[in-house]
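So the sequence lines, in the order shown, correspond to chains B and S.
Counting from 1, one number per residue, gives the positions in the first sequence under UniProt numbering.
Counting from 1, one number per residue, gives the positions in the second sequence under UniProt numbering.
For glycine and all other residues, C-beta sits at the position ideal for the given N, C-alpha and C.
Nothing here was measured: the structure is a model prediction, and the numbers come from that model.
See below for the structure under consideration.
There are 2 protein chains.
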Amino acid sequence: MAQRSRPRLVDVAQAAGVSIAAASRALSGAAGVSDAIAGRVREVAAELGYVADVHARTLAGGTSTSVGLLVHEIGDPYFTEIASGVLRVAAQRGLTVQIGHTGRDPDSELAQVRALVANRVRAIVISGSGFVDARVQAPVKRELQAFQDAGGRVAVIGRHHLGADAVLPDNLAGGRSITEHVLSLGHRRIAFAAGPAALTTVADRLAGADQALRAAGMRLADLPVVEEAFTRDGGTRAALRILDEHPRTTAVVALNDDMAIGVLAALRSQGVVVPQQMSVAGFDDVAVAEHLSPALTTVRLPMAGMGEQALLLALKEPSARPRRRSTDHHLVVRESTAPPRP
Amino acid sequence: MAQRSRPRLVDVAQAAGVSIAAASRALSGAAGVSDAIAGRVREVAAELGYVADVHARTLAGGTSTSVGLLVHEIGDPYFTEIASGVLRVAAQRGLTVQIGHTGRDPDSELAQVRALVANRVRAIVISGSGFVDARVQAPVKRELQAFQDAGGRVAVIGRHHLGADAVLPDNLAGGRSITEHVLSLGHRRIAFAAGPAALTTVADRLAGADQALRAAGMRLADLPVVEEAFTRDGGTRAALRILDEHPRTTAVVALNDDMAIGVLAALRSQGVVVPQQMSVAGFDDVAVAEHLSPALTTVRLPMAGMGEQALLLALKEPSARPRRRSTDHHLVVRESTAPPRP
DNA sequence: ATGAAAGCGCTAACAC
DNA sequence: GTGTTAGCGCTTTCAT
């Protein structure tokens, strides 16, 4: 096992019979080298299998070629699609992406941000809901501010108040749309399967729901909002509780598709037929929503596009004031919602 | 915009009134510092918001704190779950992970490997099928060999012949199991919705199918194997072709769940009722498989576990000969398969 | 236990 | 156009 180290720039320069400066310029495509030398250097480099050390290059003052992406959990299809968008843009630009889980835990998020900062990434994209309580994310905010002061760039998806460019999913209007839809079908005994109220995403979607309800002369406060984890299992537990505590419910609005999938599973296990005995709606329109049983009525958000937008924003020159890009949303009516039985 | 750069080790050392050597030792937890000094340094560092520069650290000879993960497409649930496992282990070990898309394209794969090598990652995990034709991946193999010779570690998931530690999903036996299941239901006019035959995963799963068929006195060569992209859309196209070219088919075995989802969608659009008029089986048991309409009969592979295993292998001391870890598989019978109608 | 100093491999001034 | 050289911020001998 040779443990022979990789060729360095000196090796290439020597083999090509030029100085390391010339070699460096030739390889980074900078001006100030004759085509003849540039060509030879590149040839020799390819022959030797030379690959420049990113650490040395970055340390020496070259700009960083990597960006960071933080998601709550890559297994959640919502984040998967966002990540896909980010990776696409990064690949186009020849950027490397470092990805980290935050698990919706502020401490873990802080640790991940620190790691990215230590890696001197060019930009950080943070996706996923923040917390309603601003104090919880104060340490992260401070860290991000320092990062930006030192020339780093930050873009967030779906959270506010972080002093950075933001892509804002249409949670409020989406919450209104899906609730209007359920109301228009004739439902009045509606229950919400919600994630933790501390998440801004949950708060925003519920606020939208409240708007729709008020327009119909009702109030969210009078309806059951069952709080569980913002996951498939959380949806299952929420549905079970709704069945148990509010048996006359005719429609469940889940605050994301993942929970809706859990709701569907719970209802099936309890022999409740959707949509005949219970309507179910989701939020996000993840890729599988249309393939579920029954196909899920939901609100479509352009997740992959949000990921692309966010990285694009972060790669742009910073503006004096944080930029905001709001997305649109589309109500997608499929088979899981229907009028209540008389 | 201050552009004020981040505090460096010198700043910490100065503020604590010690040499940078002492500060370095204190922060990296190395031996040779009095507890008093170590404590003070850490305190000051925290106060200043000091975070060591990974590039400088790595360049100076510290070991790299990041690992690379290559997937075909993070949006594919198969890879999503693998990635999830990798991220979990990485987080536990305090490692950063760089992720890249290869898009099942050898050139792009080579570029991604180079990027990871340039980043001096400690280990590279490559997931996803390789190509049956060894020549196609020769350049990547060479690059990986050089990386390993220089002390880097590599682990692959689901491919062979790369001279590295490997986690091998039970594709052959799984292909046999799912085919045996369909045969045992009484199906004889079976069609396969396959990905490109050039992928080893496809080849292995088909080989398993052939074994099962031969045991039943049949041969794969006599059955339709429709080749399309190894994706949801590919599944849709495959199903349409099967309906068109082999209308008497009673069961479709898709070679991964993503294709099976596409098959299900195509059949629904054509008014073919599953499983009454057509049985459908998948492979992988991705998270949503059980929530599909109808719930999918498939072969479960421990994807997240495979991701964990792979990174764990890559983080271990290298062995003289490449290690191999084979996974198990479980036939999961749900609602999408049933006996053919008489 | 502590500090001084020599690099790690590269880029970017700066000379020529 | 080409080469020389001074760092980038850190870890690690090697003295003390």
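Query, Result
"Quick test of your reading: residue 344 of chain S and Gly103 of chain S, contact by CB under 8 Å. State the CB separation rounded to the nearest angstrom.", "This structure leaves residue 344 of chain S out entirely; chain S is present only between 1 and 342."
"Which one of S:Ala123, S:Ala266, S:Glu81 has the shortest CA to CA distance from Val154 of chain S?", "S:Ala123"
"Going along chain B, which residues have a C-beta under 7 Å from Leu101 of chain S?", "In the sequence as presented, Leu is not what sits at residue 101 of chain S; that position holds His. Under the 7 Å cutoff, chain B gives Leu87, Ala91."
"Runs of 3 residues minimum, wholly inside the region 73 to 154 of chain S: which ones carry the beta strand (DSSP E) assignment?", "96 to 101, 123 to 127"
"Have a look at the DSSP bridge pairing and note the partners of Arg325 of chain B.", "B:Val167"
"Could one say the Cβ of Ile124 of chain B lies closer than 8 Å to chain S's Cβ atoms, at least one of them?", "no"
"In whole angstroms, give me the CA-to-CA distance for Arg334 of chain S and His291 of chain B.", "16 Å"
"Express the C-alpha separation of Ser177 of chain S and Leu312 of chain S in angstroms, rounding to a whole number.", "29 Å"
"To which residues of the same chain is Asp284 of chain S closer than 6 Å at the C-beta, ignoring the five residues directly before and after it?", "Tyr78, Asn256, Asp257, Leu301"
"For Asp35 of chain S, count the other beta carbons within 10 Å of its own beta carbon; 16 or more makes it buried, fewer makes it exposed. Which is it?", "exposed"
"Would you say Arg6 of chain S lies against chain B (beta-carbon separation less than 8 Å)?", "yes"
"Report the option in S:Asp149, S:Pro139, S:Gln98 whose CA atom is closest to the CA atom of Val125 of chain S.", "S:Gln98"
"Can you tell me whether Arg300 of chain B is helix, strand or coil according to DSSP?", "strand"
"Can you list the residues of chain S that Val97 of chain B reaches, using a CB-CB cut of under 7 Å?", "Gln98, Ile99"
"Tell me which residue opens and which closes the alpha helix (DSSP H) that Ala191 of chain B is part of.", "Looking at the DSSP string, Ala191 of chain B is not in any alpha helix (DSSP H); the run it does join, the beta strand (DSSP E), is 190 to 194."
"To the nearest angstrom, how far is it from the Cα of Ala304 of chain S to the Cα of Ile37 of chain B?", "49 Å"
"According to DSSP, what are the bridge partners of His181 of chain S?", "Answer by DSSP bridge pairing: none, since His181 of chain S is not bridged."
"Within the region 227 to 258 of chain S, note down every full alpha helix (DSSP H) run reaching 4 residues or more, in order along the chain.", "232 to 245"
"Could you tell me the distance, in whole angstroms, from the CA atom of Val156 of chain B to the CA atom of Thr179 of chain B?", "27 Å"
"What does the Cβ neighbour count give for Ala21 of chain S, buried or exposed, with the cut at 16 atoms within 10 Å?", "exposed"
"Compile a chain-ordered list of the residues in the region 239 to 261 of chain S whose CB is closer than 7 Å to at least one CB of chain B.", "Ile261"
"Does the beta-carbon distance from Pro247 of chain B to Thr337 of chain B come in below 8 Å?", "no"
"Decide if the region 55 to 73 of chain B is in contact with the region 127 to 134 of chain B; the criterion is three or more beta carbon pairs, one per stretch, under 8 Å apart.", "yes"
"Pop quiz: Arg8 of chain S and Thr58 of chain S are said to be a contact at Cβ under 8 Å. What is the actual Cβ separation, rounded to whole angstroms?", "About 16 Å; that fails the 8 Å criterion."
"Taking 8 Å as the cut-off, decide whether the C-beta atoms of Gly158 of chain B and Thr96 of chain B are in contact.", "no"
"Given this structure, state the Cα-to-Cα distance separating Arg189 of chain B from Ala314 of chain S, to the nearest angstrom.", "54 Å"
"Alpha carbon to alpha carbon, what distance is there between Val132 of chain S and Leu206 of chain S?", "13 Å"
"Hey, does His161 of chain B have any beta-carbon neighbour from chain S nearer than 8 Å?", "no"
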